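In my numbering, the protein residues as written are 83 to 209. Glycine included, each C-beta is placed from N, C-alpha and C at the ideal position. All values reported here derive from a predicted model rather than from experimental measurement.
1) Over what stretch of residues does the alpha helix (DSSP H) that includes residue 128 continue unbroken?
2) Taking buried to mean at least 16 other C-beta atoms within 10 Å of its own C-beta, is residue 174 buried or exposed?
3) So residue 209 and residue 167 are in contact, right, with Cβ under 8 Å, and what is the actual spacing, rounded?
4) Locate the alpha helix (DSSP H) running through residue 172, then write down its first and last residues.
5) Thinking C-alpha only, which one of 206, 198, 113 is nearest residue 164?
6) Under three-state DSSP, which class holds residue 167?
7) Can you find a C-beta in chain D that's less than 8 Å from the C-beta of residue 208?
8) How is residue 207 classed by DSSP in three states: helix, strand or coil?
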């Protein structure tokens, strides 16, 4: 089950090259993963989290997700692919939308982050 949640999280880590005066790709990645861990730990019991393979506390979750998404390596040069450009305004909105996820969304096994937090799917976009 943790693998399913990790797939759902992958989009939120995306940043891209360029900038719109908001947070950097690294900050977007770090903040989105931290906010996602906050929502996960608010919406699941400790027993459920253990059963899903999550660490014992939220801080360890943040460390795990930030590492798995490569947040420390996110730069304007390596985050988006092809002709896509990084949109910091969308990254800011994505982070806020993740913060606002309801537990019913977080607990949905079919959660699509791009549907629940649509700005996350617009962080890297072709101009």
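Straight from the coordinates:
1) 128-134
2) buried
3) 6 Å
4) 170-181
5) 206
6) strand
7) Looking for chain D here will not work: only one protein chain is present.
8) strand
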